[in-house]
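Q:
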Ligand code: KG4
Ligand code: ZN
């Protein structure tokens with residue numbers, strides 16, 4: 002048939018994921034084996050444990066994805082795999098699985114960028130219109146990415162220290178909440194009020210960069226000082242105040258960039274896109290902005306998955322990108 006069938010493989014962090022996507026937009030299967038339970042007791046992702054789980058899971062997840070999509074290797078036009086950024090040992094499992102399948106079945110191989118994948122999760126919801134701006138907020142990244150056309154990415158702002166998700170996870174740890182802390186802070190924030198004054202790092206007037214480490218330290222100091230004075234701080238109010246600060250900066254800079262770059266669409270991407278407060282604030286700010294459409298993927302496509310990897314793989318394959326069997330994991334890959 003004339004359909005394009007792409008297999009996506011994602012193992013950059015703690016999810017082993019394989020998906021089959023038709024014509025770049027239609028999910029035939031999207032299988033994710035999460036390792037969160039294994040990392041929880043360590044309060045974060047342990048690279049060695051992640052790699053070991055990926056090795057154990059990858060074949061099972063791959064077979065399950067093909068079974069659910071009802072495809073054989075002969076149906077697959079290309080294999081797209083996350084080559085970076087991420088944990089090197091974790092990335093290697095996906096890259097080597099992709100190379101093995103590509104070699105054994107003579108299928109073209111396309112290495113793709115994890116963040117480009119997060120952005121393309123949006124194309125599984127709606128066809129993209131350019132120029133567009135994407136706010137990428139995950140455990141490892143906080144970036145504003147401008148796109149003039151398919152497959153070209155211009156980072157106009159990025160974090161200078163902690164990623165937004167990283168700040169959530171660290172603040173959660175100080176409040177003795179389980180890993181990953183983002184969803185717990187989100188939930189607590191909705192039960193409290195932003196009564197505690199916390200800093201917002203706006204940086205230079207014309208900068209779209211972010212910084213969250215000062216905010217994280219302010220939260221820790223606030224708790225520490227209250228403890229020394231024998232005062233009690235409601236964790237709900239601290240979570241609400243922290244979340245208000247993060248969202249204020251993210252949304253204000255996104256709105257400013259959307260206007261300056263005169264974009265048609267604003268896309269939300271990455272694990273922190275699951276944040277209810279952030280989704281609500283963006284919907285609020287963009288609902289009355291004429292000519293700008295806001296797209297927010299459902300939660301299952303915001304966190305790490307392989308359908309998004311197949312979605313960007315589809316575009317890169319169409320653009321003629323091919324990786325050789327020398328493809329390697331690249332933990333510091335640029336978008
Ligand atoms: O994109 P992702 O699944 O993995 C990376 O590539 O980093 O993002 C994971 C991050 C974690 O830091 C997690 O705490 C955060 O996304 N996260 C949230 C929420 N759900 C997940 N942060 C804030 N609010 C949430 N509801
Ligand atoms: Zn991710």
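In the UniProt record's numbering, the protein residues as written are 2 to 336. C-beta: ideal position from N, C-alpha, C; glycine also. Note that the structure is a prediction, hence the values are computed from the model and not measured.
Mind checking residue 321: buried by the 16 CB within 10 Å criterion, or exposed?
A: The residue in question, residue 321, is exposed, as its Cβ has fewer than 16 Cβ neighbours within 10 Å.
Q: Could you check if residue 163 belongs to the surroundings of ligand 2, using beta carbon to heavy atom distance under 8 Å?
A: Not under cutoff, so the answer is no.
Q: Measuring alpha carbon to alpha carbon, tell me which residue in 77, 115, 159, 108 is nearest residue 92.
A: Comparing Cα-Cα distances from residue 92 to each of 77, 115, 159, 108, the minimum goes to 115.
Q: Pair every Cβ in the segment 177 to 186 with every Cβ in the segment 216 to 230, then say whether three or more of these pairs are closer than 8 Å.
A: Judged by Cβ distances under 8 Å, the segment 177 to 186 makes no contact with the segment 216 to 230, as fewer than three pairs qualify.
Q: Please classify residue 149 as buried or exposed, where buried requires at least 16 neighbouring CB atoms within 10 angstroms.
A: That one is exposed.
Q: For residue 24, does the three-state DSSP call read helix, strand or coil?
A: Note: residue 24 maps to coil in three-state DSSP.
Q: Hey, residue 197 and residue 157: beta-carbon distance below 9 Å or not?
A: Cβ distance not < 9 Å, so residue 197 and residue 157 don't count as in contact.
Q: Taking 8 Å as the cut-off, is the CB of residue 191 close to at least one heavy atom of ligand 1?
A: Residue 191 Cβ: outside cutoff for every heavy atom of ligand 1.
Q: Specify the secondary structure class of residue 114 as computed by DSSP and reduced to three states.
A: In this structure, residue 114 counts as strand in the three-state DSSP scheme.
Q: Going by alpha carbons, who is nearest to residue 76 out of 82, 2, 62?
A: That would be 2, whose Cα lies nearest to the Cα of residue 76.
Q: Which term fits residue 17, buried or exposed, when burial requires 16 or more other beta carbons within 10 angstroms of its beta carbon?
A: So residue 17 counts as buried.
Q: Ignore the nearest five residues each way along the sequence and tell me which others in residue 189's own chain have a CB closer than 7 Å to its CB.
A: For residue 189, where only same-chain residues beyond five positions count, the Cβ hits under 7 Å are 236, 237, 240.
Q: Under the three-state reduction of DSSP, which class applies to residue 147: helix, strand or coil?
A: Strand at residue 147.
Q: Please return the same chain residues whose Cβ sits closer than 6 Å to the Cβ of residue 276, not counting the five positions on each side in sequence.
A: Around residue 276: 187.
Q: Have a look at 264, 207, 223, 285 and flag the residue whose alpha-carbon is nearest the alpha-carbon of residue 249.
A: Measuring from the Cα of residue 249, the nearest candidate turns out to be 285.
Q: Does the distance between the C-beta of residue 299 and the nearest non-hydrogen atom of ligand 1 fall short of 8 Å?
A: Not so, every heavy atom of ligand 1 lies at least 8 Å from the Cβ.
Q: Exposed or buried, residue 51, counting other C-beta atoms within 10 Å across all chains shown (16 or more means buried)?
A: By the neighbour-count rule (16 or more Cβ atoms within 10 Å), residue 51 is buried.
Q: Are residue 333 and residue 142 close, meaning C-beta to C-beta below 9 Å?
A: It is not a contact, given that the beta carbons lie outside the stated cut-off.
Q: Taking the continuous alpha helix (DSSP H) assigned at residue 130, which residues delimit it?
A: Neither: residue 130 is in no alpha helix (DSSP H) and is coded neither H nor E.
Q: Would you say the beta carbon of residue 160 is closer than 8 Å to some non-hydrogen atom of ligand 2?
A: No; taking the cut-off as 8 Å, the Cβ of residue 160 has no heavy atom of ligand 2 nearer than that.
Q: For the 8 Å Cβ check, are there 3 or more pairs between the segment 242 to 261 and the segment 90 to 110?
A: No, the segment 242 to 261 is not in contact with the segment 90 to 110.
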